[in-house]
Structures are given as C-alpha cells and as structure tokens.
Amino acid sequence: MPRLTIDGREIEAAAGRTVMEAATDAGIFIPYFCWHPKLSVPGNCRICVVGVEDKGGEWVEIACNMPVTEGMVVYTNSEKVRARRKATMQFITLNHPVDCGICDKAGECTLQDYHYEYNGERSISVDAKAHATKHYSLSPRIVLDNERCIQCTRCVRFTREISKSNGLGMQNRADHSLVRAVEDGSFANDPYSDNVIDICPVGALLSRSFLHKARVWYLKPTASVCPGCSRGCTVNLWHRRPEWRLRAPGMRAQNETIDRVTPLENPAVNGPWICNKGRDIAKVLGRARAETAMLKGRPAELQGAIAQARSLIAAARKPVAVVSSWASNEELAAFKAALGARFSVLVKADHEPEPGEVVQDDILIRADKNPNTAGARALFGEAPLALPPDADLVLVWGEGLDFGLIPAGAKIVYLNAWLQPENGHADVFFPTSIQTERDGHYTNFAGVTSAFTQCFPRPAGVADAQALFAALAGQAGGGE
Amino acid sequence: MRKQYWNEAEMGLWERAYLPEILRGLAITGGVFVRNMFKWMTGRKGALTTYYPEETRWDYAPANRGKHVLTRRADGSPQCVACNMCATVCPAKVIEIEAGFDPADEAHPKYPVRFEIDYSRCVFCGLCVEACPEDAIRMAKEVPDLPAHDRWSMWLGKEELLEWQPQGDVAKPYPPPPPRVPNGDRP
Ligand code: SF4
Ligand code: SF4
Ligand code: SF4
Ligand code: SF4
Ligand code: FES
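These protein sequence lines map, in sequence, to chains R and H. The numbering used here puts the first sequence at residues 74 to 553. The numbering used here puts the second sequence at residues -16 to 170.
If you want it as structure tokens, here you go:
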C-alpha cells in the first residue's frame, strides 16, 4: 500500500486509488465540480488541482485523476495551487450569468461557495459574456438554463452510468457546448432523471415542481423514508423552517406541506439516488385527509367511536384484522401486543403499481409499492389475503382493500388516514396519522430498517394508532 | 427622616395655601381647552395635534422611512424579480413573496405573484430597501392608509404597493397602471 503525505499528514491508500479518493477517505477536502464518488472521472473542470513536490520544486495537477504513488508529497493549499484555483474559477465563470438572485440553487450552489472560498473577485474578462438558451425544456420535469451550465458532464455521465437511459449528451464545443436530451425521448422516460438536479453543481438543471417555490434557506430537511416501494430509500423531506413560516392570511397551510424531496445518502439502501416517484411523494402524502371519527358514516366523538368498537370486538365470534403495509414497525408491534391474540391477522398491500409506472428494475424500484410489507410479515406471517367467509368482524387498517371482499354481514372497523368513500361504509371509522406526523421505522424488502421523523403536528381529531390500539384492547383483551 | 432632594421645592405662603395655585392651573388648561373647542366647532383648526390618519404632517423629513413603494419598469410590470433578499434581511420577517415563472420574458423570468408586507410588525428600518439589488423597493416619506381595525387588514399586497403614487418619490417616472391581470393568469 503506497504511503503518501497530504498537507503534512502521512496517510496510506490502496494502490490504484486517486489522490482525490485518498484525501476524501482521510477527511481532507479538495474542491471538485466534475468529480463524483459514484461516477467516472472526466477531469474536465480542473478545480481540484493540487501541488506535488518534485526535486525541490512543485508541479500542479488535478487530484481526481492522479493515482497515488509511494512517497508522494501533496499540498492542497500551497500558493501555486491557490493561484491556479483562482484562475480556474475566473475561467469557469467567464460566461456564467451570475443571476444567483433568481437561481433556485443559490444557497446550496458549489460554484457560489467556491467563488467566495477560492476567488472572491469580479470577472477580469473584458469581453462580453456569451449567451445561450436560458430556459430549455429538457423534459417535462426539468428545465435547463444553459447559461449557468459549467459543462462538467455529471448529468450526461449519470444517464450513461447510473440510470443507463443514455438520455443526455453534449452538443457542440467550447463556448457553444449545450447539454441536450437525445431525440428518442429516453430522458423524459428515465425514472431516475431528477437525480441530475441534485448532482448538477450549479443551478443549470431546475426541477419544474420546485421552480421558484422557495429560497432553499427557508426550508429545512427532515430525515424520512420514501413509502413509494419496498426499497424504502432514505430521503430528506424539505418543508418551511419554523422561523420562516408564512403568516399572511390564507397562506398558513403551506407551512405544513412538503416542498421538495431529495435523497438522503444511505449506502445500505439507495446510495445517493432516489427515483422520480420518490420526488413526487408529496402528492401521495398531501391527499385530502380524514379528520373525524365516524359511526356508520355519521361524524362521532373519538371516545364514542372507541366505546362502540370495543363492544363490537367484545361481541365478535370470529374477528379478522387486515393490517397495513404502510404502518410503522412500532404501530404494528403495538397492534400485536394489544389485539394480536384476539384477531386472526392478515397483511394487505395498501398500494398496487399504478398504470404507466415502472414496476421493477434492477436499480432501485421494487414491484411491491408498500414500504413496510417486510415489517408486517415478520410479525404476522406470510398468509395470503383471503378473508374467511365466516368472519363476523373485520378490522381494516389502511387504504387499498376492496370492501367487496368482506363477507356480507360482517361488522367493519376501519382505520384510514385519507378521505375516501369506504370510510363511510364502516360501522366504526377512525382517522389515523400519516408518516409525516409521527416517528417510526420501516423495514425494507432486504430486511434493512430505516427511521423516519415527524415533520408536522398531528391534526386535531386524528388518532395516534398506537394509543388507539391500547384503548381498544382495554376490554377486548379481558374478554379473551 | 425625610429625604432631602437637591431640587426641593421652596414654597411661600401662597403656594402652601394650595387651592389658589390649583385653581390657577385648572384655569390655564380649561382656557386652552375652551379656545380649541370653540375653534373646532366653528370649523377652524385648534390645537397643533395632527388628526391622523385623516390628516398627515406635511413636514416629514425627506429621509423619513414611511410606506413602501414597489417601483415599476417602463412597461408597468414590477421591477421586483422575487429574489427574496428583502424578505431574508428583514429583521421582523414581515415580507412574504411568492414567485412565478414566465419563460416568455427572457430577461425577467422570475416575478412576484404575491408580495405582501405586514405593517403591524414592520419596524420601518429600511433594510429591505438597502438589500434590494434591483431598486425595486423604496420607502416614501409618507405613511398613508397604514392604520386598520384588525391585523389582517394591515397586510398590504403587491397591487397596493405598486400603485399608490407618493409625491415624495420623483426619482422614477410612473407610467399609468397597466390593465389589471389577476394573479396567476400570466402564461
Ligand atoms: S448556478 Fe450558482 S453561481 Fe450560478 S447563478 Fe445559480 S447560484 Fe449563482
Ligand atoms: S447541466 Fe449541470 S450537471 Fe450537466 S453539465 Fe451542466 S453543470 Fe454539469
Ligand atoms: S422596513 Fe425593515 S421591518 Fe419593514 S419590511 Fe423593510 S426590512 Fe422589514
Ligand atoms: S430584494 Fe428587491 S427584487 Fe428582491 S424580492 Fe425584494 S423587492 Fe424584489
Ligand atoms: S474534479 Fe478534478 S477535474 Fe473536475
């Protein structure tokens, strides 16, 4: 294993590693635009220059493409390196419009940060900036600002090496280079296309759904798990910071909406990527909510509904429960502890693949469109969803069960978070909380458990499933 | 023991008699009151009091920071590009801007759909004016129409701030207001 010295620190790196990788592993930061830990190395941006000591002198070369050698002495911040970096920043921003004021990336833009860190000066160019297409529609999801693009080709390499759609390419050369989608529309159909928005080091690739929605410093990320499929990718849900909440009349509801979803890097599950369905998960989580308990479709007090459900459970001869694969491990365990002995329990799929959606691929997307089927099956077994015809009480938890499958005459206790027609058909209905209103864990198809965190307060009138099961058990457990 | 003050009152017999001086004071106040009242009833201005908000002072200092003005381009559209610098710098966090996207306008693709200031919390510090990179927000010296009966009416919106035409702001010619387009109707 070659030993080398970076900034006076002696480190050891496996042969074949680059100086960039060795430095990153050792916690030494070298700036980069075009390099990405998961992509190939094009070495085109030249910002990662480092100095290497040689016969008393020093030469500079890019770190991302330089293999480590025995006894190498590297400087990341020598005078020569600083001068070269500054010149590179001048070069990269030669035609950059610097319209940070209206750029959605501002605040988390690598170019902006490096400018303050490594350049800090106005452009020394006397020539007019070259102009390019300002708002090019790259796909129905993404707008491209060619003036802001620094031609790092990360997006192009992503579609070749990760999503394999080969959907993007570069046209022309030098000042005239343009990122363009290939004509066959493969980029528009790439289910991972939105990842290029995150990996673009500047604000060239813009998400249409997030376009000008908020400056990023108004938002804060909450760690969560995407419920879109059984991969259970870890994600950040971005929503308004409390200190930046909107107060104008009629605007308050926006404080409790998810403004964007980005991947939360997790080597055990999804690496740094998520699919487009995960980006749009706010649409699923933002559907109209059920917020009052009901008895046969008529609004009722929560306490009254609990009393009614308890007497139904106590009177039942053959009670069956169909539990949700969108419930957290904590809620499922609470159900098992409180009512598991009283009911025979089946697990259902709350969501089936939508028409047109990618069902399964060998990157991330899984055919089971529920986040916690594995967690539910671990507690309640693999039995197929077949309701016994002699069941006289069915407790349904979560959406997605066809009520036609329930034996006629059986009483129905229904727990659902959404405003749906079935709610009114149940004898007792309880509104429940959703993922963004509680903490919990999901177990993905491979058995990896990931945590999600509460973003918003639970609406008044909505029951917490764990407390609800304990309340229902107060009597049902005693009758056993 | 009673404390001795450096400005202890020195009272003669007349002051110590108490009532005469009290009555003299009452007569002065009452006289002013009656005189003002008489002028007021006969339609003249009495005291120096400004009857705000019906009446505002003419002698605000030119540098007074009053109600905000949103400036406009020659075509009448707001100069503001919805960059949120003013909202970010505002120490009272009273500016709320919702941005829209107009790809047809190459030079100004981002524009404010909603621009609101809550005057019940604004501290008139002027930082928003200094932060603006576009000279899109100014503060006129006048302060008309700020009081209201409830706090919700103290939110003034984009239309109001664009269209009120303060006498003090002469640096920019004001074109006639364009035909009103409801928010969100732009392509
Ligand atoms: S890409 Fe970065 S530097 Fe360029 S305008 Fe956007 S925020 Fe500013
Ligand atoms: S669009 Fe972004 S990621 Fe793609 S080449 Fe340009 S700067 Fe790089
Ligand atoms: S004057 Fe000060 S407090 Fe008022 S809106 Fe401007 S920045 Fe905010
Ligand atoms: S700082 Fe100026 S341009 Fe930016 S949002 Fe405020 S008023 Fe508009
Ligand atoms: S990061 Fe090394 S050349 Fe771009």
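For glycine and all other residues, C-beta sits at the position ideal for the given N, C-alpha and C. Remember, predicted model here, so these are calculated numbers, not experimental data.
Contact check, residue i vs residue j, beta carbons under 8 Å
i        : j        : result
R/Gly497 : R/Gly370 : yes
R/Lys202 : R/Gly276 : no
R/Asp537 : R/Gly471 : no
H/Phe107 : H/Leu53  : no
R/Val467 : R/Val393 : yes
H/Pro183 : H/Cys73  : What is shown of chain H runs -16 to 170, which leaves residue 183 of chain H out entirely.
R/Pro444 : R/Tyr515 : yes
R/Ser303 : R/Arg439 : yes
R/Glu194 : R/Lys207 : no
R/Asp267 : R/Arg352 : yes
R/Ile215 : R/His109 : no
R/Ala447 : R/Asn517 : yes
R/Ile101 : R/Gly116 : no
R/Thr183 : R/Phe283 : no
R/Gly124 : R/Val133 : yes
Backbone secondary structure at residue i - three-state DSSP
i         : result
R/Val357  : helix
R/Phe503  : strand
H/Glu81   : strand
R/Glu472  : coil
R/Lys369  : coil
R/Gly552  : Bear in mind that the predicted position of R/Gly552 carries a pLDDT of just 35, short of 50, making it too unreliable to give a figure here.
H/Pro3    : helix
H/Gly167  : Low per-residue confidence applies at H/Gly167: pLDDT is 48, beneath 50, and the placement is therefore not dependable enough to give any value.
H/Glu(-7) : coil
R/Glu338  : coil
R/Trp491  : strand
H/Trp135  : helix
R/Asn192  : helix
R/Asn443  : coil
R/Thr39   : Nothing about residue 39 of chain R can be reported from this structure: the residues present for chain R run from 74 to 553 only.
R/Asn343  : coil
R/Thr91   : strand
H/Ile11   : helix
R/Glu83   : strand
Buried/exposed call for residue i, threshold 16 Cβ in 10 Å
i        : result
R/Val199 : exposed
R/Leu211 : buried
R/Met367 : buried
H/Asp168 : Because the pLDDT at H/Asp168 is just 45, under 50, the model does not fix this residue reliably, and the value given afterwards should be weighed accordingly. So H/Asp168 ends up on the exposed side.
R/Leu278 : buried
R/Tyr265 : buried
R/His249 : exposed
H/Arg134 : exposed
R/Arg288 : buried
H/Pro61  : buried
H/Asp101 : buried
H/Ala65  : buried
Short CB-CB distance (under 8 Å) between residue i and chain H
i        : result
R/Gly195 : Reading off the sequence shown, one finds Arg at residue 195 of chain R, where the question assumed Gly. So no, R/Arg195 is outside the interface.
R/Ala321 : yes
R/Gly174 : yes
R/Arg288 : yes
R/Leu251 : no
R/Leu278 : no
R/His285 : yes
R/Gly550 : In this predicted model, R/Gly550 has a pLDDT of only 41, less than 50, meaning its place in the structure is not dependable enough to derive any value.
R/His609 : Coverage of chain R is limited to positions 74 through 553, which leaves residue 609 of chain R absent and any answer about it impossible.
R/Lys178 : no
R/Lys207 : yes
R/Met324 : yes
C-beta neighbour in chain B for residue i, strict 8 Å
i      : result
H/Gly8 : Any reference to chain B falls outside this structure, whose protein chains are R and H.
Proximity test, Cβ basis, 8 Å: residue i and chain R
i        : result
H/Lys93  : yes
H/Glu89  : yes
H/Phe98  : no
H/Cys69  : no
H/Ala114 : no
H/Gly109 : no
H/Cys73  : no
H/Pro45  : no
Ranges of the alpha helix (DSSP H) found wholly within the region 95 to 130 of chain H, counting only runs of at least 4: Restricted to the region 95 to 130 of chain H, the alpha helix (DSSP H) segments that are unbroken, complete and at least 4 residues in length are 110 to 114, listed in chain order.
Those runs of the beta strand (DSSP E) which lie wholly inside the region 115 to 187 of chain R and span at least 3 residues: The qualifying runs are 122 to 127, 130 to 135, 146 to 148.
Complete alpha helix (DSSP H) runs within the region 245 to 298 of chain R (minimum length 4 residues, chain order): Secondary structure in the region 245 to 298 of chain R: the alpha helix (DSSP H) runs of 4 residues or longer, each lying completely within the stretch, are 268 to 272 in chain order.
Residue ranges of each beta strand (DSSP E) within the region 379 to 407 of chain R, 3 or longer: You should have 392 to 396.
Secondary structure, beta strand (DSSP E): runs of 3+ residues fully inside the region 36 to 62 of chain H: Taking 3 residues as the minimum length, the beta strand (DSSP E) runs contained wholly in the region 36 to 62 of chain H are 51 to 53, in order along the chain.
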